[in-house]
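These protein sequence lines map, in sequence, to chains B and G.
Note that the first sequence covers residues 1 to 650 in the numbering used here.
Note that the second sequence covers residues 651 to 1300 in the numbering used here.
Protein chains: 2
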Amino acid sequence: MNKYKVTFLPDQKEIEVARGVTLFEAAEKAGVYLNSLCGGEGVCGKCRVQVTQGNAKADKHSIAFFSRDEIRKGYVLACQTRVIDNLEVVIPPESRLEEEQILAESHLEEQRIWRETSPIAYSEPDWICLHKRPEDPASLFEPLVSKVYLGLPEPTMDDNTPDTSRIVRELKKKLKYPSFEIPLACLRDLSMKLRRHGWKITATVARHNDIGRILQIEVGNTADRNYGVAVDVGTTTVVAQLVHLKTGQVMGVEGSHNLQAHYGEDVLSRIAFACGKGPLDVLQQAVVQNINTLIQTLAQKKGIDVEDITSIVAAGNTTMSHLLLGLMPCSIRDDPYVPTVGLYPQVLAKEVGIDINSQGVLQVMPSVASYVGGDTVAGVLACGLADKIETTCLIDVGTNGEIVIGNNEWMLSCSASAGPAFEGGDTKCGMRATRGAIQKVEINNGRVIYETIGKAKPRGICGAGMVDLLYELVRNRVIDIDGRFRPSVQDKRVIEENSDLEYVVAFPEETEEGHSLVTAQSDIDSIIRSKGAIFAAIKSLIDYAGLTFSQLEKIYVAGGFGNYLNIDKAIGIGLLPDIPRERIEFVGNSSLMGARMALISSHAFEKAISISQQITNVELSHFAPFADEYMAALYLPHIDRESLFPSVNY
Amino acid sequence: MNKYKVTFLPDQKEIEVARGVTLFEAAEKAGVYLNSLCGGEGVCGKCRVQVTQGNAKADKHSIAFFSRDEIRKGYVLACQTRVIDNLEVVIPPESRLEEEQILAESHLEEQRIWRETSPIAYSEPDWICLHKRPEDPASLFEPLVSKVYLGLPEPTMDDNTPDTSRIVRELKKKLKYPSFEIPLACLRDLSMKLRRHGWKITATVARHNDIGRILQIEVGNTADRNYGVAVDVGTTTVVAQLVHLKTGQVMGVEGSHNLQAHYGEDVLSRIAFACGKGPLDVLQQAVVQNINTLIQTLAQKKGIDVEDITSIVAAGNTTMSHLLLGLMPCSIRDDPYVPTVGLYPQVLAKEVGIDINSQGVLQVMPSVASYVGGDTVAGVLACGLADKIETTCLIDVGTNGEIVIGNNEWMLSCSASAGPAFEGGDTKCGMRATRGAIQKVEINNGRVIYETIGKAKPRGICGAGMVDLLYELVRNRVIDIDGRFRPSVQDKRVIEENSDLEYVVAFPEETEEGHSLVTAQSDIDSIIRSKGAIFAAIKSLIDYAGLTFSQLEKIYVAGGFGNYLNIDKAIGIGLLPDIPRERIEFVGNSSLMGARMALISSHAFEKAISISQQITNVELSHFAPFADEYMAALYLPHIDRESLFPSVNY
């Protein structure tokens, strides 16, 4: 079989591949990750690359993505171009999936903010007061997997119970589980271990279904060497936090782009991949690779042995959870939207290929329904929504927006497909909340003031920036309340491109890549559809519950907007309901926080199970008023501004 | 490496082995099993073979086992002789470990008797009335592993709970377990299975710790194809019974000699092997090979697929249980006699190498202490001792004798090392209860009438025969009440051999092998020590409990005597206490019966757990009066005949 060398610039990464492999696959092999929305179907045009040396013909179907000039310069779609020659390929910045270094930092920042402002001080044992057992707070800080040191009394003729009974007897004094299980693997040489090491051992115990499962028995006292990892498995981003399970201390956090994105940007295209082109394993392995890399990085940075990591709690939407466990997700997509499982079994991490202690466990957070997943349950747990007497609301804005409303007596959830406009997708210059993303915008008298993440030259606009921009455009009367550019507007920033109007946020000389950053009519339409879907979902759920917005004591807003969300402007565009500002709180990654809570407290995990079972999901696609609510929400802020958004005035 | 061919006669089995392998190992490889009491140490002289062709030097240390004539004829100890030439080797009958075909049949016979006479009609669902839940008898016939057919309602928008919740919801209607667990392996393609096969499945569910563990999910209705195997793992014999778990019907039974016997005849020599010469694995693999062969034979005979065998319940003494599971038994031997585990975990059969369904489970019956094992617990379960208001007693006579006394409020146990005299060991012409064993003896006026198993020519004397013989010898005043041959006796059957007296039971012309069958003074001493140890144990336990024999409503006698035990004569020699004959019942293999009860009823298994926890074990080696009781019992029937054996009169 012929082999060809492909060199990717600017990274200077070289790879040798067989004839006929696509450039997309070659790049992946070389460790260069490209954008893809469509999963390699050649229809999204996100994986543009420039072939600067060697023979590579642009596929005729993808010619439409390029200008004549670009075709001359060698631009092709990587997913539609097969290697038939030695090549040199340049990856333009916009086609690159960057590892989101910034995100991890921003998460740390987010957590700092959360730590200071959240109703639940999360890393102190007493946060678990939400479980209402203040009489015994120490026992509540009880990780899903604990390491318990036991100095056993030596047997005598009057006390010659079997070794395992002796262990369980002592364990019961320290862990209040009704029963314990010891697998055969721990028993084989147990009698030697005990007798040769003076009856001093450390048992690693995982809690599952009220049973303490002994995972390993080490000699001596190793109780200090017990670490866990909380993982937020997002459709777009995977973030992992390393936690010292003896103290609950967060030791580090790392984020990366979900490698599954190569096979489709959103949940539905990944299901389509798994259930069509497939195989499913590819998706499972991709996210497992994410997690393994994050864990290795965290362990290296903190100088710990991965063998001392005994547990992982992962929170993700229902599809991500199924893919992580290698479960066929096909039925999630089809009416009546039935997942395989809601209460995921506790499994050995190695069963899915995650490299931690060989007996370490993986627990996926339980989900509510096909489109209300473990990430939402984790968020509800983190916000304490299920423990409050007052009715509050959690809004998690992602490609799918999930809403939960309720209190300690009832909870309702729903989800709406919002599209990726707030996460950097679906718009010309959208990008995720990483370095160089415009996150704040103000427009005064035609002058645009913006702020980027990392104070870098702007490279695009992230979700928080989109909220601000939309608000500023309508406030400055550049666009009308239906989102259309006003015909009468006189502004040098409004230009016509391909008979479509665009607003120039940053001119070429200001930007990283020397192209102007714009928002086109189609972008504005996308954002309005996104915010309309989310608001309509909130409104539908409130109506379904027979409430009004004013009855919400608090709204927690979670999601990947960035480090920051301007609540006023979010209300101003009609994304969030018009209630007093101080009742709305941006909480960042509540999914990760809930996963960590479950990791460091098996009581919190139990609470998550009961949350997942208590929430009643309302399927909006079968809820008739939703369509009308959606239509009414496609205005800025809303067609019914007077009664729903009385405080919005522009 | 040089290879030599060894041919074993009369089997004509050939094997090629490397230079230096022992004849014992070569025979084992060839599938020819030899006797061994000492575990290959060259000290018991049980593995005599005759080398008829080729060069094989008798080890000088073992010369003492042979006459000059035998040495000339090529007799050697197989365990001490290394192969350094092509050889032809004749195995004399007495050196052969025979597969005990008869045993299986005798067990069937035993069960027929048991079925008709036992207080518990074991294969009918209503036997479980001992559990006192007659209000719901159907639910009590609930195998440890059930197969449940489920025709699930298809999901709709109003009922779109996850697939697993749908399964558990239906299962809960049929199995009253508080919760269910489904392993990842069952989930991967579950959604497809359900949707492609009309939502009709059969779940295989194992009960463990009140949790229903789903082992496999098959499409369609396979509930009829569910088999289990009950195994009695004896130190000497392994017996397996195939049971149809849908009906409880016993389909067949097979027995074989425990292959571990190659490494030592009794429990202590096997522990010594595992903890010294080792490795332990060899012992585990030996008994697993026993079980696999028995299962294959049963499956073939009954035309069933081993994949349809979903469960095994094994009962054995504590050492056998540890060895089967591959657990180090060393601490069992040492004061204070602590086993690794008493409540054995439910494990996958394949974890220990047993070939049944790949998800099938192995449950070992719980034990009480190092020398009161799961076989005794199974016996107590089978006799219903723990459920009776009246105080009864179970005596299990083996190399170790175990005694349990008690009722539904309390139970005491003890064990005493009785030696193998009742199992065919430790005596010149002793043999196990197989074809050709003398099992009944009567002596009248110097005339001996005997009966053999299978009505064959006599080959030896089994335990039941030894009881009869000893009784007849003392009744006929051939021996005195201290077991010594009377100096004054005039009997042509009493001969002197090597300045020791022997009694000839069968003359050479009557026997299979043409040698006379005798019982020597040393044999009589052995039997008296055995019966003395057992009676002393019973007496000690009765005294410990503050009872008298007359307060025992019933004594169940279990053990490997044969198909038969003459109760009168057993009392006559002082083995069993002198209570009215109708209160004593020989019950055969109560261990196997208890294992089967646990197999077909998880309630019975739970009962076994509570039995193992309720029994208080009395360690006789630390119970001062035991030694005196033992000394007093070394007479026929006892030193205190008048008060303890008033009905015995010879």
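Ideal Cβ positions, reconstructed from N, Cα and C, are used throughout, including at glycine.
Point to revise | In DSSP terms, what Cys414 (chain B) is bridged to | key: Looking up residue 414 (chain B) in the first sequence gives position 414. Answer is B:Ile403, bridged to Cys414 (chain B).
Exercise for review: Indicate the three-state DSSP secondary structure (helix, strand or coil) for Leu34 (chain B) in the structure shown.
Suggested key: Your numbering for residue 34 (chain B) matches position 34 in the first sequence. Looking at Leu34 (chain B) - three-state DSSP - the assignment turns out to be strand.
Practice item. Ignore the nearest five residues each way along the sequence and tell me which others in Gly212 (chain B)'s own chain have a CB closer than 8 Å to its CB. Key: Walking along the first sequence from the start, residue 212 (chain B) turns up at place 212. The beta carbon of Gly212 (chain B) sits closer than 8 Å to the beta carbons of Leu171, Leu175, Tyr177, Ser179, Phe180, Glu181, Val205 and Ala206 from its chain, once the five residues preceding and following it are set aside; these are given in chain order.
Check your understanding: What does Gly992 (chain G) reach in chain B if we use C-beta pairs closer than 8 Å?
Key -> As a working note, residue 992 (chain G) is residue 342 in the second sequence. Contacts between Gly992 (chain G) and chain B, judged by CB atoms closer than 8 Å, involve Thr161, Pro162, Thr164 and Ser165 in chain order.
**Study point:** Limits of the unbroken alpha helix (DSSP H) element including Gly594 (chain B)
**Key:** Position 594 of the first sequence, counted from the start, is the residue given in the question as residue 594 (chain B). Looking at the DSSP string, the run of the alpha helix (DSSP H) that includes Gly594 (chain B) is Ser590 to Ile600.
Review point. Can you tell me whether Gly898 (chain G) is buried or exposed, with buried defined as 16 or more other CB within 10 angstroms of its CB?
Key: The residue labelled residue 898 (chain G) in the question sits at position 248 within the second sequence. Of the other Cβ atoms in all chains shown, 16 or more fall within 10 Å of the Cβ of Gly898 (chain G); this residue is therefore buried.
Check your understanding: Quick one, which of G:Ile1192, G:Val726, G:Leu892 and G:Leu1270 has its alpha-carbon nearest Gln1041 (chain G)'s?
Key -> What you label residue 1041 (chain G) is simply residue 391 of the second sequence in a count that begins at 1. Checking the sequence shown, residue 1041 (chain G) turns out to be Thr, not Gln. For Thr1041 (chain G), the closest of G:Ile1192, G:Val726, G:Leu892 and G:Leu1270 by C-alpha to C-alpha distance is G:Ile1192.
Review point. Would you say Ser1008 (chain G) faces chain B, with C-beta separation under 8 Å as the test?
Key: Within the second sequence, residue 1008 (chain G) is the residue found at index 358, counting from 1. Taking Cβ atoms only, chain B never reaches closer than 8 Å to Ser1008 (chain G), which makes this a no.
Check your understanding: Relative to the C-alpha of Thr1198 (chain G), which residue among G:Val1124, G:Ile1205, G:Lys1189 and G:Lys1204 is closest?
Key -> The sequence position of residue 1198 (chain G) within the second sequence is 548, counting from 1. Per the Cα distances, G:Lys1189.
Review point. Within 8 Å (strictly less), CB to CB, does Asp1025 (chain G) reach chain B?
Key: Position 375 of the second sequence, counting from 1, holds the residue named residue 1025 (chain G). No - not a single Cβ of chain B is within 8 Å of the one on Asp1025 (chain G).
Check your understanding: Span of the beta strand (DSSP E) holding Ser961 (chain G)?
Key -> The count along the second sequence starts at 1 and reaches residue 961 (chain G) at position 311. Ile959 to Gly966 is the span of the beta strand (DSSP E), which, as asked, contains Ser961 (chain G).
Check your understanding: So is His262 (chain B) buried or exposed if we call it buried at 16+ other beta carbons inside 10 Å?
Key -> The residue you call residue 262 (chain B) lines up with position 262 of the first sequence. His262 (chain B) counts as buried, since no fewer than 16 other beta carbons sit within 10 angstroms of its beta carbon.
Check your understanding: Where does Leu1044 (chain G) sit, in a helix, a strand or coil, going by DSSP?
Key -> Position 394 of the second sequence, counting from 1, holds the residue named residue 1044 (chain G). The answer is strand: DSSP assigns Leu1044 (chain G) an E or B state.
**Study point:** Selection of the segment 330-341 of chain B by Cβ proximity to chain G, strictly under 8 Å
**Key:** Residues of the segment 330-341 of chain B whose Cβ lies closer than 8 Å to any Cβ of chain G, in chain order: Cys330, Ser331, Asp335, Pro336, Tyr337, Val338, Pro339, Thr340 and Val341.
Point to revise | Contacting residues, own chain, Cβ-Cβ under 6 Å from Leu215 (chain B) (five flanking each side not counted) | key: In the first sequence, residue 215 (chain B) corresponds to position 215, counting from 1. Excluding five sequence positions before and after Leu215 (chain B), the CB atoms of its chain that fall closer than 6 Å to its own CB belong to Thr204, Ala206 and Gln359, given in chain order.
Check your understanding: At a CB-CB cut-off below 8 Å, which residues of chain G make contact with Asn209 (chain B)?
Key -> If you number the first sequence from 1, residue 209 (chain B) lands on position 209. Chain G residues near Asn209 (chain B): Ser829, Glu831 and Ile861.
Check your understanding: Contact check, Ala56 (chain B) vs Leu87 (chain B) under 8 Å by CB: the rounded distance?
Key -> Translated into positions along the first sequence, residue 56 (chain B) becomes position 56. Translated into positions along the first sequence, residue 87 (chain B) becomes position 87. With a Cβ gap of about 6 Å, Ala56 (chain B) and Leu87 (chain B) count as contacting.
Check your understanding: Under a Cβ-count criterion, where at least 16 other Cβ atoms within 10 Å of its own Cβ denotes burial, should Gly303 (chain B) be classed as buried or exposed?
Key -> As a working note, residue 303 (chain B) is residue 303 in the first sequence. With fewer than 16 other Cβ atoms within 10 Å, it is exposed.
Check your understanding: Rounded to a whole number of angstroms, what is the C-alpha to C-alpha distance between Ala1071 (chain G) and Thr1049 (chain G)?
Key -> Taking the first residue of the second sequence as position 1, residue 1071 (chain G) is located at position 421. Taking the first residue of the second sequence as position 1, residue 1049 (chain G) is located at position 399. Straight-line Cα distance between these residues: approximately 8 Å.
Review point. Taking all protein chains shown into account, do 16 or more other C-beta atoms lie within 10 angstroms of the C-beta of Pro995 (chain G), making it buried, or fewer, making it exposed?
Key: On the second sequence, residue 995 (chain G) is found 345 positions in, with the first residue counted as 1. When all chains shown are included, Pro995 (chain G) counts as buried.
Review point. What residue range is occupied by the uninterrupted alpha helix (DSSP H) comprising Leu933 (chain G)?
Key: Mapped onto the second sequence, residue 933 (chain G) falls at position 283. Its alpha helix (DSSP H) spans residues Leu930 to Lys952.
Review point. Which bits of chain A does Val881 (chain G) rub up against, with CB to CB less than 7 Å?
Key: As a matter of chain content, chain A is missing from the structure shown, whose protein chains are B and G.
Review point. Terminal residues of the continuous beta strand (DSSP E) containing Lys653 (chain G)?
Key: For the purposes of this step, residue 653 (chain G) is taken as residue 3 along the second sequence, with counting starting at 1. For Lys653 (chain G), the enclosing beta strand (DSSP E) covers residues Lys653 to Leu659.
Review point. From this set, B:Phe623, B:Val239 and B:Asp266, which residue's C-alpha is nearest Ala418 (chain B)'s C-alpha?
Key: Against the first sequence, residue 418 (chain B) aligns to sequence position 418. Closest by alpha carbon: B:Asp266.
Exercise for review: Check each residue of the segment 409-434 of chain B: if its Cβ is closer than 7 Å to any Cβ of chain G, include it; give the result in chain order.
Suggested key: Flagged: no residues at all.
Exercise for review: Give the residues of chain G in contact with Gly326 (chain B), contact being defined as C-beta atoms less than 9 Å apart.
Suggested key: The residue labelled residue 326 (chain B) in the question sits at position 326 within the first sequence. Correct list: Leu834, Leu837 and Arg838.
Practice item. Ignore the nearest five residues each way along the sequence and tell me which others in Gln614 (chain B)'s own chain have a CB closer than 6 Å to its CB. Key: Start at 1 with the first residue of the first sequence, and residue 614 (chain B) comes out as number 614. These residues qualify, in order along the chain: Met411.
Practice item. Count the other C-beta atoms from every protein chain shown that fall within 10 angstroms of the C-beta of Ala1142 (chain G), then say buried if there are 16 or more, exposed otherwise. Key: On the second sequence, residue 1142 (chain G) is found 492 positions in, with the first residue counted as 1. Here residue 1142 (chain G) is Lys; the residue named in the question, Ala, does not match the sequence. Note on Lys1142 (chain G): under 16 other CB atoms within 10 angstroms of its CB, so exposed under the neighbour-count rule.
Review point. Are the beta-carbon atoms of Val656 (chain G) and Thr702 (chain G) separated by less than 8 Å?
Key: The residue given as residue 656 (chain G) occupies position 6 in the second sequence. The residue given as residue 702 (chain G) occupies position 52 in the second sequence. The beta carbons of Val656 (chain G) and Thr702 (chain G) sit no closer together than 8 Å.
Practice item. Pull up the DSSP beta-bridge partners for His208 (chain B), would you. Key: Locating residue 208 (chain B) in the first sequence gives position 208, where the first residue counts as 1. His208 (chain B) pairs with B:Ile211.
Practice item. With a floor of 4 residues, list each alpha helix (DSSP H) that falls wholly inside the segment 1168-1230 of chain G, ordered by position along the chain. Key: Complete alpha helix (DSSP H) runs here, min 4: 1171-1194 and 1217-1222.
Point to revise | Option in G:Tyr1194, G:Phe1211 and G:Ser1251 with minimal Cα separation from Ala1274 (chain G) | key: Your numbering for residue 1274 (chain G) matches position 624 in the second sequence. If we check each option's Cα against that of Ala1274 (chain G), G:Tyr1194 comes out closest.
Practice item. With Glu94 (chain B) as the anchor, note down where its alpha helix (DSSP H) starts and where it stops. Key: Your numbering for residue 94 (chain B) matches position 94 in the first sequence. Looking at the DSSP string, Glu94 (chain B) is not in any alpha helix (DSSP H), and its letter there is neither H nor E.
**Study point:** Selection of the segment 514-532 of chain B by Cβ proximity to chain G, strictly under 7 Å
**Key:** Answer in chain order: no residues at all.
Review point. Since Arg82 (chain B) sits in a beta bridge, which residues does DSSP pair it with?
Key: Within the first sequence, numbered from 1, the residue matching residue 82 (chain B) stands at position 82. BP columns for Arg82 (chain B) point to B:Thr22.
Review point. Among G:Ser1271, G:Glu1279, G:Glu1122 and G:Arg1233, which residue has its Cα nearest to the Cα of Asn1094 (chain G)?
Key: Here residue 1094 (chain G) refers to the residue found at position 444 of the second sequence. Relative to the Cα of Asn1094 (chain G), the nearest Cα in the group G:Ser1271, G:Glu1279, G:Glu1122 and G:Arg1233 belongs to G:Glu1122.
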